[in-house]
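K.L.:
Next up is a structure, given as structure tokens.
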Amino acid sequence: MDDVTRAGLIETGWEVHGVVEDALLRHPAIKGSGADWLDKQRLLLADMAVHLLQTSLKPGEIELDKLSNSLHAILTISDQFLPHAELKDATGKIYREACEPRL
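Note that this note's numbering numbers the sequence shown so that position 71 is 107, with each residue one more than the last.
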């Protein structure tokens, strides 16, 4: 990907992040409030997805700690929507001893 395209996507990501985060912060739902809570969790999931986009597109070496944090959050939040997939259980492997990324 060329630098101009990458920079444009990163900038768009920040714009999307701002809108999603604002909606998340204004959402009145509290944990345990049923469908309203799940709606708020969807916004949180979108927010974390944008963080993953930003981490993956940032120039230079990928920051493995940010990648791990984004993936942990996405799996944890998604577990509410896909409980049969046991995604929360998979998060335990994310922070195990760091190793070289596989290509």
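For every residue, glycine included, the Cβ atom is placed at its ideal position computed from N, Cα and C.
Small disclaimer: the values here were computed from a predicted structure and weren't measured.
CB-CB under 8 Å to residue 74, same chain, minus the five flanking residues each way: which ones, in chain order?
P.N.:
Closer than 8 Å at Cβ, skipping near neighbours: 116 and 117.
K.L.:
Rounded to whole angstroms, how far is the Cβ of residue 83 from the Cβ of residue 60, which I believe are closer than 8 Å?
P.N.:
Contact holds; Cβ gap of about 6 Å.
K.L.:
Indicate the three-state DSSP secondary structure (helix, strand or coil) for residue 98 in the structure shown.
P.N.:
DSSP places residue 98 in coil when its eight states are reduced to three.
K.L.:
Specify whether the stretch 37-49 and the stretch 92-101 touch according to this definition: at least 3 beta carbon pairs, one from each stretch, less than 8 Å apart.
P.N.:
At 8 Å Cβ cutoff, the stretches touch.
K.L.:
Quick one: what does DSSP say residue 114 is sitting in, helix, strand or coil?
P.N.:
Helix, per DSSP.
K.L.:
By the 10 Å Cβ neighbour count, where 16 or more other Cβ atoms means buried, how is residue 56 classified, buried or exposed?
P.N.:
With 16 or more Cβ atoms within 10 Å of its Cβ, residue 56 is classed as buried.
K.L.:
Taking 7 Å as the threshold (C-beta atoms), are residue 86 and residue 53 in contact?
P.N.:
Yes, the Cβ-Cβ distance between residue 53 and residue 86 is below 7 Å.
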